[in-house]
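Peer 1: Here our numbering is used: position 244 in the sequence shown is 1483, and no number is missing along the way.
The beta carbon of each residue, even a glycine, is placed where N, CA and C say it ideally should be.
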Amino acid sequence: MATSRLFSNGRARQAAAVLLTMLCVAWIVIGKVSLASEEPAGYALHRDVVYAAPDGLDLTADIYVPAGPGPFAAVLVLHSGSWARGNKSRMDDVAGELARSGFVVMNANYRLVPDAQFPAPLHDCRAAVRFLRENAAPYGVDRERIAAVGYSAGGHLALMLALSESEEETESGQPSSRLQAVATAGAPTDLLGLPDVSSIRNFVGADRESTPEDYRRASPIYFASADDPPVLLVHGQYDIIVPVEQSVRMAAALQASGVPVERRELPRGHVRTTTGFNAEQVALIVSFLRRTLPEQTTVAAP
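#1: Could you tell me whether the stretch 1419-1439 touches the stretch 1456-1471, where touching means 3 or more Cβ pairs closer than 8 Å?
#2: To the nearest angstrom, how far is the alpha carbon of Lys1271 from that of Ala1280?
#3: Whether or not the stretch 1367-1386 and the stretch 1328-1335 are in contact is what I'm after, with contact meaning three or more pairs of Cβ atoms, one per stretch, closer than 8 Å; do they touch?
#4: Along the alpha helix (DSSP H) that carries Glu1484, what are the first and last residues, could you check?
#5: How many Å lie between Ser1526 and Val1436 at the Cα?
#6: Of all the alpha helix (DSSP H) runs that stay within the bounds of the stretch 1330-1361, which reach a length of 4 or more residues?
#7: With burial defined as no fewer than 16 other Cβ atoms inside 10 Å of the residue's Cβ, what is the status of Ile1267: buried or exposed?
#8: Checking the sheet assignment: what are the DSSP bridge partners for Pro1305?
#9: Can the beta-carbon of Pro1427 be found less than 9 Å from the beta-carbon of Leu1418?
#10: Where does the unbroken alpha helix (DSSP H) through Pro1525 begin, and where does it stop?
#11: Alpha carbon to alpha carbon, what distance is there between Asp1332 and Cys1263?
#12: Do Val1314 and Leu1528 count as a contact pair if the criterion is CB distance below 9 Å?
#13: Please confirm if the stretch 1299-1317 is in contact with the stretch 1496-1508, defined as three or more CB-CB distances below 8 Å between the two stretches.
#14: Within the same chain, show all residues whose beta-carbon is closer than 7 Å to that of Arg1286, passing over the 5 residues directly before and after it, in chain order.
#15: Put His1395 into one of helix, strand or coil per three-state DSSP.
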């Protein structure tokens, strides 16, 4: 009886030791998995890099650099929010996916209404592109392959950046903010052709009836010209905030100017996700950027 009890107690202690060991191993494995999930896979992430300071206000961006030798094509990513709200965190998922696809990504904040009206946010976007060119070496950027991607208000700014010229850069000799491609989704392109809502009035800083020229000056559709870069316009068929007609007319204006343009309609409205982008849209954008910003196949002579 005593021997049997002793054996039983010994087996219990052995089982407890095995269980404790298994729990420790599981804890270590789970800890490693959790830690790995907090670290970006396939790219280095530089958070809150100050790229400009207009009127003493630090404008920040998160810069994603893919693993590998580079140089890489770069993409400026611009968030939505009716030019009045939101920040770069809205585009974290999109930025990460673009970085995993082999692009340097600059996910940038820009000034918002009511603190800033047009053209201040556009100036911020130009400053972001200049920053990429000025800092091409440390971030592995190919200065000749820079694009912009934006949703809704961010798409509007991306198009303005791509289609309108900067007199300031021409006069001052600053690095160019010119783009080699632009991709947007749900972007307003003609502010004169949209309902007279407060978000647009506050952004333009003028009344449409009395100063239509200010609305025209802030509308990408009036800047289409032959030297514009290739454009991708993605839009929801059932978008009631920015009707798909905005993309239809923008594409027609670009085609009339001889600009390479692709237009895709998807069966959705304006926003169904936090970022505005869904997986199908991101896949379209990645495909477009790879075709319009191909990797260099030749190396320049020393």
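Peer 2: This is what the structure gives:
#1: yes
#2: In the sequence shown, the residue the question calls residue 1271 occupies position 32. In the sequence shown, the residue the question calls residue 1280 occupies position 41. In this predicted model, Lys1271 has a pLDDT of only 34, less than 50, meaning its place in the structure is not dependable enough to derive any value.
#3: no
#4: Indexing the sequence shown from 1 puts residue 1484 at position 245. Where Glu1484 is concerned, the enclosing alpha helix (DSSP H) stretches over Glu1484 to Ala1495.
#5: Start at 1 with the first residue of the sequence shown, and residue 1526 comes out as number 287. Start at 1 with the first residue of the sequence shown, and residue 1436 comes out as number 197. Ser1526 and Val1436: Cα-Cα distance of roughly 35 Å.
#6: 1331-1339
#7: As a first step, residue 1267 must be located in the sequence shown, where it is residue number 28. Interpretation of Ile1267 is limited by its pLDDT of 37, a score under 50 that renders its predicted location unreliable; no figure is taken from the coordinates.
#8: Stepping through the sequence shown from its first residue, residue 1305 is reached at position 66. Paired residues: Tyr1282.
#9: Indexing the sequence shown from 1 puts residue 1427 at position 188. Indexing the sequence shown from 1 puts residue 1418 at position 179. Not a contact, by the Cβ cut-off of 9 Å.
#10: The count along the sequence shown starts at 1 and reaches residue 1525 at position 286. With the sequence shown as reference, residue 1525 is identified as Val, and Pro is not the correct amino acid for it. Where Val1525 is concerned, the enclosing alpha helix (DSSP H) stretches over Ala1518 to Thr1531.
#11: Taking the sequence shown and counting its residues from 1, one reaches residue 1263 at position 24. Taking the sequence shown and counting its residues from 1, one reaches residue 1332 at position 93. The pLDDT assigned to Cys1263 is 42, lower than 50, so where the model puts this residue is not dependable, and the model offers no usable value.
#12: As a position in the sequence shown, residue 1528 is number 289, starting the count at 1. As a position in the sequence shown, residue 1314 is number 75, starting the count at 1. The answer is yes: Cβ separation under 9 Å.
#13: no
#14: As a first step, residue 1286 is located in the sequence shown; it is residue number 47 there, counting from the start. Excluding residues within five positions, the ones whose Cβ falls inside 7 Å are Asp1301.
#15: Walking along the sequence shown from the start, residue 1395 turns up at place 156. Of the three classes helix, strand and coil, the one that applies to His1395 here is helix, per DSSP.
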